[in-house]
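Q: Residue numbers for the sequence shown follow the numbering used here, beginning at 4 and rising by one. Backbone N, C-alpha and C define an ideal beta-carbon position, used for all residues, glycine too.
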Amino acid sequence: MIKDELILAIETSCDETAVAIVKNGTELLANVVASQIESHKRFGGVVPEVASRHHVEEITVVIEEALKQAGLKPGDLTAVAVTEGPGLVGALLIGVNAAKAFAFAHGLPLVPVHHIAGHIYANRLVKEMTFPLLSLIVSGGHTELVLMEEHGTFKVIGETRDDAAGEAYDKVARTLNMPYPGGPHIDKLAQEGEANIDLPRAWLEPNSLDFSFSGLKSAVINTVHNATQRGEVIKPEDLAASFQASVVDVLVEKTYRAAEQYNVKQVLLAGGVAANKGLRHMLENRFNGTKYDLVIPPLHLCTDNAAMIGAAGSVAYQKGTRGDMALNGVPGLDLEAQ
Ligand code: KG4
Ligand code: ZN
Numbered sequence: 004m005i006k007d008e009l010i011l012a013i014e015t016s017c018d019e020t021a022v023a024i025v026k027n028g029t030e031l032l033a034n035v036v037a038s039q040i041e042s043h044k045r046f047g048g049v050v051p052e053v054a055s056r057h058h059v060e061e062i063t064v065v066i067e068e069a070l071k072q073a074g075l076k077p078g079d080l081t082a083v084a085v086t087e088g089p090g091l092v093g094a095l096l097i098g099v100n101a102a103k104a105f106a107f108a109h110g111l112p113l114v115p116v117h118h119i120a121g122h123i124y125a126n127r128l129v130k131e132m133t134f135p136l137l138s139l140i141v142s143g144g145h146t147e148l149v150l151m152e153e154h155g156t157f158k159v160i161g162e163t164r165d166d167a168a169g170e171a172y173d174k175v176a177r178t179l180n181m182p183y184p185g186g187p188h189i190d191k192l193a194q195e196g197e198a199n200i201d202l203p204r205a206w207l208e209p210n211s212l213d214f215s216f217s218g219l220k221s222a223v224i225n226t227v228h229n230a231t232q233r234g235e236v237i238k239p240e241d242l243a244a245s246f247q248a249s250v251v252d253v254l255v256e257k258t259y260r261a262a263e264q265y266n267v268k269q270v271l272l273a274g275g276v277a278a279n280k281g282l283r284h285m286l287e288n289r290f291n292g293t294k295y296d297l298v299i300p301p302l303h304l305c306t307d308n309a310a311m312i313g314a315a316g317s318v319a320y321q322k323g324t325r326g327d328m329a330l331n332g333v334p335g336l337d338l339e340a341q
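1. Nearest to residue 172 by alpha carbon, out of 158, 150, 145?
2. If we count Cβ pairs, one from each stretch, closer than 8 Å, do we get three or more for the stretch 220 to 233 versus the stretch 182 to 197?
3. Since residue 176 sits in a beta bridge, which residues does DSSP pair it with?
4. Only counting the same chain, and skipping five residues up and downstream in sequence, which positions put a Cβ closer than 7 Å to that of residue 218?
5. For a test of the three-state rule: what should DSSP assign to residue 21, helix, strand or coil?
6. Look at residue 88 and residue 318 and say whether their C-beta atoms are less than 7 Å apart.
7. Using CA atoms only, rank isn't needed, just tell me which of 341, 331, 337 is closest to residue 1.
8. For residue 245, which option in 200, 327, 221 has the closest C-alpha, if you only look at C-alpha atoms?
9. Quick check: residue 320 and residue 114, are their CB atoms within less than 7 Å of each other?
10. Taking Cβ to Cβ, would you say residue 58 is nearer than 7 Å to residue 97?
11. Can you list, in chain order, the residues of its chain with a C-beta nearer than 6 Å to that of residue 66? Leave out the 5 residues immediately preceding and following it.
12. In this structure, does DSSP put residue 135 in helix, strand or coil?
13. Can you give me the C-alpha to C-alpha distance between residue 50 and residue 6, rounded to a whole angstrom?
14. Compute the Euclidean distance between the alpha carbons of residue 243 and residue 71, then round it to the nearest angstrom.
15. Once DSSP output is grouped into helix, strand and coil, what is the label at residue 76?
16. Cutting at 7 Å between CB atoms, please list the residues of its own chain near residue 99, excluding the five before and the five after it.
17. How close, in whole Å, do the beta carbons of residue 178 and residue 223 come, if the pair is a contact with beta carbons under 8 Å?
18. Roughly how many angstroms separate the alpha carbons of residue 140 and residue 214, rounded to a whole number?
19. By the 10 Å Cβ neighbour count, where 16 or more other Cβ atoms means buried, how is residue 127 classified, buried or exposed?
20. Can you tell me which residues form a DSSP beta bridge with residue 115?
21. Counting along the chain, where does the beta strand (DSSP E) carrying residue 146 start and finish?
22. Report yes if the C-beta distance between residue 300 and residue 125 is below 7 Å; otherwise report no.
23. Need the endpoints of the beta strand (DSSP E) that residue 130 sits in, please.
24. Bridge partners of residue 35, per DSSP?
25. Would DSSP call residue 159 helix, strand or coil?
26. Pull the bridge partners of residue 140 from the DSSP assignment, please.
27. What residues in its chain sit with their C-beta under 6 Å from that of residue 147, if we drop five residues either side in the sequence?
28. Hey, would you say residue 133 sits closer than 7 Å to residue 269, going by beta carbons?
29. Compute the minimum distance between the beta carbon of residue 142 and the heavy atoms of the ligand KG4, and state whether it is under 6 Å.
30. Tell me the rounded alpha-carbon separation between residue 110 and residue 328.
31. What residue from 119, 106, 46, 81 has the CA that sits closest to residue 90's CA?
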């Protein structure tokens, strides 16, 4: 009988302390996420020191909870996977050190994982991957189009030149006096409004698969300021809908162009902004009836979690990727060097 591969995965790159257990790379046995959003809300964004302190307080409890959920003992596990980067260095270090201690104490191999590889691999918990595939990653820190020819290899074919999509959402939300993280609030408001305000779309040079959101963000802020100065009222729901339409139009169209250009089989959506209803809806419309197999993960696998690190960790483990006791958190870790 072939023994099941059971990977315990740890993710602490930003403001979620998360631990999951993944069986054979595709089956989720436990998925625990302790969110710190409430603690960061009053500061209007993630405070690195606060994040690290929460991770320290939570990590042991969350590991125990995941083992309990899966009904497993440390001795049953095959390996420990952990987010090595990118992310906040102090936050990454808590997860990396917890993973090293756990791996050392129980004699398990240690597998470092790239956070974005994790976001992409969240899709493998939904559907088996077929190559070549294209992934649109949209999160608080990243906006990238990534091409994969096979498991565990990543080529960035488009990326943001300034703000990430989630960052633009959060900054625009702050202008509209909404709590952190603003993305979900803008998304909700956008459903109630009409996209009747003219805002720019950064297509960049013809054929470019890169993105840019800082001009759009400034245009939204200017629209609000100009209206205030003239004593005019802009409906926040219309502004949210117009902003969302600008972001989503460009994301969807460039993803479609990239799918055509690289003749991929599958198109995956990944990252926190993948929870956006407008984006999910427009992608479905655009890819419906085409030859491309579009996969959109459920909401709880879009925002940061450790299940995705377990799924990516399984592939890295099979490839022989190992970390040792010198493993460190790397805030600017390169995806293509994986
Ligand atoms: O992937 P993630 O959880 O953390 C990073 O790795 O960055 O992404 C967080 C980002 C935040 O900017 C948040 O505002 C955004 O995802 N987000 C959304 C939605 N839900 C989360 N943005 C737009 N619409 C949403 N529904
Ligand atoms: Zn993330």
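A: Judging by the given coordinates:
1. 145
2. no
3. Looking at the DSSP assignment, residue 176 forms no beta bridge with any residue, so it has no partner.
4. 203, 205
5. strand
6. no
7. The requested residue 1 does not occur in the structure, where the chain is confined to residues 4 to 341.
8. 200
9. yes
10. yes
11. 22
12. coil
13. 43 Å
14. 42 Å
15. coil
16. 85, 87, 330, 331, 332
17. 6 Å
18. 12 Å
19. buried
20. 85
21. 146 to 151
22. yes
23. Where residue 130 is concerned, there is no enclosing beta strand (DSSP E), given that its DSSP letter is neither H nor E.
24. 22
25. strand
26. 147, 273
27. 140, 159, 162
28. yes
29. yes
30. 12 Å
31. 119
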